Amino acid sequence: MKRSLILNVNGEEHEVEIEPNRLLLQVLRDTLGLTGTKEGCSIGVCGACSVIIDGRLVSSCLTLAAGCAGKKIETIEGLAKDGKLHPLQQAFIEYGGFQCGICTPGQIMAAKALLDENPKPSEEEVKEWMSGNLCRCTGYYKILDSVMAVVNGKTDPNYTFRKRETTAKIQSLDVYKPVAKTS
Amino acid sequence: MAKTEKYSVVGQRVQRVEGFDKVTGESKFIADIQLPGTLIGRVLRSPYPHARIHRIDTSKAAKLSGVRAVVTAEDTIKRPWGAFFADQYILSVGKTRYVGEEVAAVAAIDPDIAEEAIDLIEVDWEPLPGVFDAEEAMKDGAPLVHEDKPNNIAMQMDLERGNIAQAFAESDVIVEDTFTSMPQWHCSIETIGSVAEYSTSGKYTIYMNTQTLFNARYRIATALGVPESNVRIIQSAVGGGFGGKSCDDNNALVAAVLAKKAGKPVKLINSREEEFLAGCRPRVFMKINVRLGFKKNGRIRAKHIKVIADNGAYSAKAPAITGVAAMRHDTCYKYTDVKTEALLVYTNKIPTGAFRGFGNPSAEWAVEQAIDLGAHELGIDPIEIARINAAETGYVSPHGNRVTSCELKQCLDMAERMIEWKAKRAAKRPNTGLGLACTVHVSGKRHFGDYDGSSATIKINEDGKALILSGEGECGQGVHTAMCQIAAEELGVAIEDVEISRADTDLTTFCLGAFASRLTYVSGNAVKNAATNVKEQLFEQAAEMLEANPQDLMSRDGKIFVQGAEGKSLTVSDVARARLFRHNGAPIVGSGSFDADSVLPDSTRFGNESGAYNYGVQAAEVHVDPDTGQVKILNFVIASDCGTVIYPLGAEGQVEGGLAQGIGYALTEGLQIDEGKPINPNFSDYRIPSMRDMPPLQHAFADSYEPTGPFGAKGLGELNMDPTAAVINNAIFEAVGVRVKTLPITPEKILRALKEKPREK
Numbered sequence: 001m002k003r004s005l006i007l008n009v010n011g012e013e014h015e016v017e018i019e020p021n022r023l024l025l026q027v028l029r030d031t032l033g034l035t036g037t038k039e040g041c042s043i044g045v046c047g048a049c050s051v052i053i054d055g056r057l058v059s060s061c062l063t064l065a066a067g068c069a070g071k072k073i074e075t076i077e078g079l080a081k082d083g084k085l086h087p088l089q090q091a092f093i094e095y096g097g098f099q100c101g102i103c104t105p106g107q108i109m110a111a112k113a114l115l116d117e118n119p120k121p122s123e124e125e126v127k128e129w130m131s132g133n134l135c136r137c138t139g140y141y142k143i144l145d146s147v148m149a150v151v152n153g154k155t156d157p158n159y160t161f162r163k164r165e166t167t168a169k170i171q172s173l174d175v176y177k178p179v180a181k182t183s
Numbered sequence: 184m185a186k187t188e189k190y191s192v193v194g195q196r197v198q199r200v201e202g203f204d205k206v207t208g209e210s211k212f213i214a215d216i217q218l219p220g221t222l223i224g225r226v227l228r229s230p231y232p233h234a235r236i237h238r239i240d241t242s243k244a245a246k247l248s249g250v251r252a253v254v255t256a257e258d259t260i261k262r263p264w265g266a267f268f269a270d271q272y273i274l275s276v277g278k279t280r281y282v283g284e285e286v287a288a289v290a291a292i293d294p295d296i297a298e299e300a301i302d303l304i305e306v307d308w309e310p311l312p313g314v315f316d317a318e319e320a321m322k323d324g325a326p327l328v329h330e331d332k333p334n335n336i337a338m339q340m341d342l343e344r345g346n347i348a349q350a351f352a353e354s355d356v357i358v359e360d361t362f363t364s365m366p367q368w369h370c371s372i373e374t375i376g377s378v379a380e381y382s383t384s385g386k387y388t389i390y391m392n393t394q395t396l397f398n399a400r401y402r403i404a405t406a407l408g409v410p411e412s413n414v415r416i417i418q419s420a421v422g423g424g425f426g427g428k429s430c431d432d433n434n435a436l437v438a439a440v441l442a443k444k445a446g447k448p449v450k451l452i453n454s455r456e457e458e459f460l461a462g463c464r465p466r467v468f469m470k471i472n473v474r475l476g477f478k479k480n481g482r483i484r485a486k487h488i489k490v491i492a493d494n495g496a497y498s499a500k501a502p503a504i505t506g507v508a509a510m511r512h513d514t515c516y517k518y519t520d521v522k523t524e525a526l527l528v529y530t531n532k533i534p535t536g537a538f539r540g541f542g543n544p545s546a547e548w549a550v551e552q553a554i555d556l557g558a559h560e561l562g563i564d565p566i567e568i569a570r571i572n573a574a575e576t577g578y579v580s581p582h583g584n585r586v587t588s589c590e591l592k593q594c595l596d597m598a599e600r601m602i603e604w605k606a607k608r609a610a611k612r613p614n615t616g617l618g619l620a621c622t623v624h625v626s627g628k629r630h631f632g633d634y635d636g637s638s639a640t641i642k643i644n645e646d647g648k649a650l651i652l653s654g655e656g657e658c659g660q661g662v663h664t665a666m667c668q669i670a671a672e673e674l675g676v677a678i679e680d681v682e683i684s685r686a687d688t689d690l691t692t693f694c695l696g697a698f699a700s701r702l703t704y705v706s707g708n709a710v711k712n713a714a715t716n717v718k719e720q721l722f723e724q725a726a727e728m729l730e731a732n733p734q735d736l737m738s739r740d741g742k743i744f745v746q747g748a749e750g751k752s753l754t755v756s757d758v759a760r761a762r763l764f765r766h767n768g769a770p771i772v773g774s775g776s777f778d779a780d781s782v783l784p785d786s787t788r789f790g791n792e793s794g795a796y797n798y799g800v801q802a803a804e805v806h807v808d809p810d811t812g813q814v815k816i817l818n819f820v821i822a823s824d825c826g827t828v829i830y831p832l833g834a835e836g837q838v839e840g841g842l843a844q845g846i847g848y849a850l851t852e853g854l855q856i857d858e859g860k861p862i863n864p865n866f867s868d869y870r871i872p873s874m875r876d877m878p879p880l881q882h883a884f885a886d887s888y889e890p891t892g893p894f895g896a897k898g899l900g901e902l903n904m905d906p907t908a909a910v911i912n913n914a915i916f917e918a919v920g921v922r923v924k925t926l927p928i929t930p931e932k933i934l935r936a937l938k939e940k941p942r943e944k
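First to last, the protein sequences are chains D and S.
Using this note's numbering, the letters of the first sequence map in sequence onto residues 1 to 183.
Using this note's numbering, the letters of the second sequence map in sequence onto residues 184 to 944.
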C-alpha cells in the first residue's frame with residue numbers, strides 16, 4: 001500500500017507517494033529523477049549509491065525511503081551552487097579523480113561526509129574512509145590526490161573549467177552578415 | 184624523442200572534456216536513459232550448467248496483469264551468432280550450456296511484476312552431465328557442450344618458427360614449469376544494459392553502454408536477421424568497459440526481441456549477479472606450460488609454450504585471445520626459435536572473452552616467471568636477463584610483428600632507478616624481495632577482416648568551434664579528450680574550441696571501437712587526418728579573404744594568418760561564416776581515415792598484427808609474512824613506452840588503473856565455480872582492490888616517439904594490466920623462496936608452499 005511522505009533532498013521538500021518497501025536509491029532515481037546517485041552492487045559494498053543523511057554517509061541501496069522522512073538528504077545534485085562547483089568537484093576535475101565517472105558521485109559524497117566532520121584528516125584516514133567506495137578505473141591514486149588537494153588547500157583558485165560560455169560572443173543576427181575582406 | 188614542448192595542446196595537462204558532467208552526476212549512463220512508456224525487462228536464466236529443455240510454458244506469465252511481452256527462442260530466428268564462431272543464440276534453443284544462460288524473458292510495466300512473471304514461466308528441464316575442466320572435456324566420452332565439436336575442442340593451433348629441437352639442443356640451461364591463471368571479471372561499477380525500441384517500419388533503435396558500436400550493430404543485425412541499416416546503436420555514457428562491454432553477450436538482443444514483441448521501449452539492465460553469471464565475458468582461464476632454453480650468457484635460445492584455454496560454453500573472442508596468449512609475448516624479447524601449441528576447449532561454464540590484456544596477462548603470468556626461473560638457474564640478475572633479450576626498434580618477431588619504436592631498454596633503466604634495484608638487492612632483508620617483468624602490447628589489432636582502421640568527421644560551427652563526430656568507443660578511459668587535443672593541435676585552436684559527439688551508428692562513420700589499446704593511435708590518426716582536411720578548407724577560404732596563397736597560411740590560437748604577418752588575422756569563425764553565408768556557400772566539414780600499416784596474419788598466423796607496439800616494465804618490492812602468508816607490496820614502480828603522451832592525466836590514469844586490476848588479478852580475484860555454479864558472484868565475496876589495497880607507486884613514461892602515430896603516440900590502455908601478477912610472484916619468490924603456480928596468490932597457498940618447502944630439499 002502506498003503512503004505519502006515528505007523527503008527533504010538538497011534543501012528542497014518533495015512529497016512522494018511510495019510503497020513502504022521502496023529503497024531511497026529507487027525513490028531518488030525513479031520518483032524524483034535525481035539520477036546522479038548510482039546503483040553498483042545493490043548490497044551496500046561498492047559505495048556508488050552513497051548519499052548523506054543528517055550528516056552521515058549511507059548506502060541508499062540499503063536504506064528504506066520511508067525511514068528518511070523528516071531527515072536532511074544530500075545528493076550529488078546539491079553540491080554545485082549556481083553553477084559553481086563544490087571544492088571537491090573542482091579537485092576531481094583538476095587532479096583527474098575519475099575516468100568513467102560512474103562511481104564519482106559516490107566518491108565525492110563520501111569525501112564530503114568525511115570533510116564535513118573532519119576537515120583535516122590524514123592521508124591514512126582518507127584511505128581508510130574512502131575504502132568503502134570502489135572504483136575499477138583509476139587505481140584510486142588520483143581520487144586520493146583529489147581529496148587531499150581539498151584537505152591541503154591545493155586546488156587552484158583561478159582554475160577555469162571546460163564549461164560552455166553562457167553569453168555568446170557573437171550576436172546571433174550578426175552570424176548572417178557577410179564578412180568584410182580584411183585587406 | 185617525444186618533444187611535447189613544441190606542441191601547444193598535445194601533451195599538455197588539460198582537463199577531461201566531459202569532466203563537468205562527471206563530477207555533477209549529470210552524465211547519462213544507460214540506467215539514466217528514460218524514454219516515454221519504457222517497460223522493464225527481466226530474464227529467466229538457466230539454473231543448470233547443462234540441460235535439455237523439453238518445453239517452456241509461458242502462458243501463466245503472459246496472463247499476469249502488467250506483463251506486455253514474454254519471449255523465448257520461438258520469438259527469434261534461431262540464428263547462431265558470435266564474434267569469431269557463430270555458436271550462441273539470443274535465447275536457448277533446445278538446451279542450455281551454462282548457469283545463467285538466457286532462456287526466456289519478460290517485459291512488464293514495473294520490475295516487481297516482471298520478476299513475478301519470470302517465476303511463472305514453467306520449464307521442463309532434463310539436467311545433463313556437464314564438463315567443467317578443459318582437460319577432462321577433451322577426453323573421449325566426455326559430455327559434448329556442442330554436438331558438432333568433437334572432444335569439445337573449439338580451436339587448435341600448433342606452429343613452429345625456426346628449428347625448435349635444434350634450438351633446445353643448443354641451449355645451455357633449460358627451465359620448464361606450468362602456471363595456471365584464473366577467470367577475472369571486469370567489475371565495471373556500471374553493469375551491461377540497454378534500452379531498445381522497435382518501430383513498426385522495421386527499425387531497431389538501441390541505446391547501449393557498449394564500447395564497440397559498429398561491431399555490436401553487425402552482431403545484433405546478424406542475430407536478428409536484418410540489414411545493418413535497420414539497427415541504430417546510440418551510445419550512452421559508459422561506466423567502465425575493459426573489454427566487457429564489447430557486445431559478446433545477449434543483453435541488447437534480448438531487449439530488442441522484447442521491444443519488438445511489446446511494441447514499447449524496453450530497458451534491460453543486468454543486476455550485479457547477472458553481470459557475473461552471464462554479462463561481461465570474463466578473462467579466459469588458461470593452463471600454460473612454458474619451456475625456455477638459454478645460452479650461458481643469458482640469451483634466450485628457444486621457447487616452447489603449450490596453452491590449454493577454457494573457453495566456457497560459447498566462444499566470443501576466446502579464439503583470438505588464445506592466439507595472443509600463445510604468440511604475443513614473442514614481440515617482447517628477441518626470439519629466434521619458438522614453438523607454440525594451443526587448445527581452446529568448450530566447458531559448461533560462463534563463456535569467456537575479452538578483458539584488458541586479451542590473453543597477455545595469462546601469458547605474461549607464465550612466461551615472465553619462466554624467464555625469472557631462467558635467471559635464477561643461470562645466476563644472472565633478472566634485470567640483466569631482460570636487458571640481454573629486450574626487443575629494440577627494428578626488431579621483427581618470429582611471427583612477423585614489425586617493431587617501429589621500442590624503448591624497452593630505457594624502461595628497464597627507469598624501473599631499475601626508481602625502485603633502487605641494485606642497492607635493495609645488495610641489502611636484502613629477510614622475507615622481502617624484488618621482482619620485475621617486462622610487457623608488450625599492441626596499438627590496434629588486425630583481426631576483424633583485413634582492416635584495423637578508423638574514421639572521423641570534423642565540422643566547424645558558425646561560432647568557430649570544431650565538433651568531432653566519431654563512432655569510436657569512449658568507455659570511460661578518456662580517449663575523447665585525447666582526440667580533442669589532437670584535433671586542436673592540428674587545427675591550431677584551443678582545446679576549449681573543440682568538442683566531440685558520442686557515437687551513434689546512424690550519425691557517425693564506421694569505427695571498430697575500443698579494444699586492443701587502439702584508439703589514441705588508430706582513431707587519433709583518423710582525427711588528425713580529418714583536422715588536416717578541415718584546415719585545408721579553412722585555409723582555402725582564408726586565402727581568398729586575405730588575398731594570399733593557402734600554402735603561406737598558418738593557424739595558431741584560433742587565428743588564421745599569413746606566416747610572418749600575424750597582425751592581420753582572421754578567426755576560424757570569420758572564415759567558416761564567410762564560406763557558408765554566400766552564393767554556393769557550404770559548411771566546413773572534413774573527414775579523415777586511417778588504416779594501420781599492419782598485415783593480416785595468414786593461415787600459419789604469420790603477419791604483423793598491429794601498426795605499433797607499446798612496451799613497459801614493472802617492478803615491485805614485497806614483504807611476505809611467513810606466519811600468515813600475507814603479502815604486502817612495499818613499493819611498486821612502472822615505466823611505460825607509449826610514444827608521445829597526448830593526454831597526461833588520462834595516460835597516468837591508465838597506468839594506475841591497470842595496476843589496480845593487475846593487483847586484483849594477482850592477489851584476490853577469481854570467481855569460484857563449483858560444478859558449473861558460480862558461488863561468489865557479488866562484490867563482497869569477489870573482492871576487487873579498494874583504496875587501502877594500493878601500494879606506494881612511482882611511474883614514468885619513456886622518452887619515445889612512434890613514427891606512425893599521431894604526434895608520435897601509440898597505445899597504452901592494457902599494457903599495465905599484463906605483467907603485474909608475474910611481477911608480484913617473482914618478488915614473492917625472491918622474498919621467501921616459494922612460488923605459487925595458480926592464481927590468485929592467496930595467503931593460504933603461500934603458507935602451504937612454505938610448509939612444503941623443506942620437504943623439497
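Glycine included, each C-beta is placed from N, C-alpha and C at the ideal position.
Note that the coordinates shown come from a computational prediction; the quantities given were computed from them, not determined experimentally.
Query, Result
"List the endpoints of the continuous beta strand (DSSP E) containing S/Ile452.", "449-452"
"Mind checking S/Glu305: buried by the 16 CB within 10 Å criterion, or exposed?", "exposed"
"Say whether chain S places a C-beta atom closer than 8 Å to the C-beta of D/Ser183.", "Its pLDDT being 44, under 50, D/Ser183 is placed unreliably by the model, and the measurement read from it follows with that caveat. For D/Ser183, the answer is yes, since a Cβ of chain S falls inside 8 Å of its Cβ."
"Specify the secondary structure class of D/Asn21 as computed by DSSP and reduced to three states.", "coil"
"Flag S/Gln720 as yes if its beta-carbon sits less than 8 Å from any beta-carbon of chain D, otherwise no.", "no"
"Tell me, please, which residues DSSP counts as bridged to S/Cys621.", "S/Val800"
"Below 7 Å on C-beta distance, what does D/Pro105 contact in chain S?", "Gly208"
"Taking Cβ-Cβ distances shorter than 7 Å, what residues in chain D pair up with S/Ser873?", "Ser131, Leu134"
"Check whether the Cβ atoms of D/Asn133 and D/Gly106 lie closer than 8 Å to each other.", "yes"
"Are the stretch 741-750 of chain S and the stretch 692-710 of chain S in contact at 8 Å, needing three or more beta carbon pairs?", "no"
"Can you pull out the residues from the stretch 112-127 of chain D whose beta carbon lies closer than 7 Å to at least one beta carbon of chain S?", "Lys127"
"Quick one, are the C-beta atoms of S/Ser774 and S/Ser638 less than 8 Å apart?", "yes"
"Using three-state DSSP, classify S/Leu222 as helix, strand or coil.", "strand"
"What would DSSP say about S/Trp548, mapped onto helix, strand or coil?", "helix"
"Sorted by chain position, which residues of the same chain lie with C-beta nearer than 8 Å to S/Gly220's C-beta, five sequence neighbours on each side aside?", "Lys447, Pro448"
"What is the DSSP secondary structure of S/Met904, counted as helix, strand or coil?", "coil"
"So for S/His512, helix, strand or coil by DSSP?", "helix"
"Span of the alpha helix (DSSP H) holding S/Lys470?", "Taken as a continuous stretch (DSSP letters only), S/Lys470 belongs to no alpha helix (DSSP H), being part of the beta strand (DSSP E) at 468-477."
"Taking only beta-carbon atoms, is S/Leu460 less than 8 Å away from chain D?", "no"
"Please decide whether S/Val193 counts as near chain D, where near means a Cβ-Cβ distance under 8 Å.", "no"
"S/Thr505 and S/Val521: beta carbons closer than 8 Å?", "no"
"Report the three-state DSSP secondary structure of S/Val197 (helix, strand or coil).", "coil"
"Does DSSP put S/Ile236 in a helix, in a strand, or in coil?", "strand"
"Might you give, ordered along the chain, the residues of its own chain that have their beta carbon closer than 6 Å to the beta carbon of D/Thr63, omitting 5 neighbours on each side?", "Leu24"
"Please classify S/Arg225 as buried or exposed, where buried requires at least 16 other C-beta atoms within 10 Å of its C-beta.", "buried"
"Quick check: is the beta carbon of S/Ala598 nearer than 8 Å to any beta carbon in chain D?", "no"
"Output the residue ranges of the beta strand (DSSP E) runs that lie fully inside the stretch 331-409 of chain S and measure 3 residues or longer, sorted by chain position.", "336-344, 356-363, 376-381, 387-391"
"Locate the beta strand (DSSP E) running through S/Ala287, then write down its first and last residues.", "285-291"
"CB S/Ile928 to CB S/Asn912, shorter than 8 Å?", "yes"
"Only counting the same chain, and skipping five residues up and downstream in sequence, which positions put a Cβ closer than 8 Å to that of S/Asn346?", "Asp520"
"Can you tell which of S/Ser242, S/Ala290, S/Ala320, S/His369 has the C-alpha that lies nearest to the C-alpha of S/Pro864?", "S/His369"
"Okay, do the stretch 562-579 of chain S and the stretch 539-546 of chain S touch, 3+ Cβ pairs below 8 Å being the bar?", "no"
"Using 8 Å for Cβ pairs, my map puts S/Val676 next to S/Val755. What's the rounded Cβ distance?", "6 Å"
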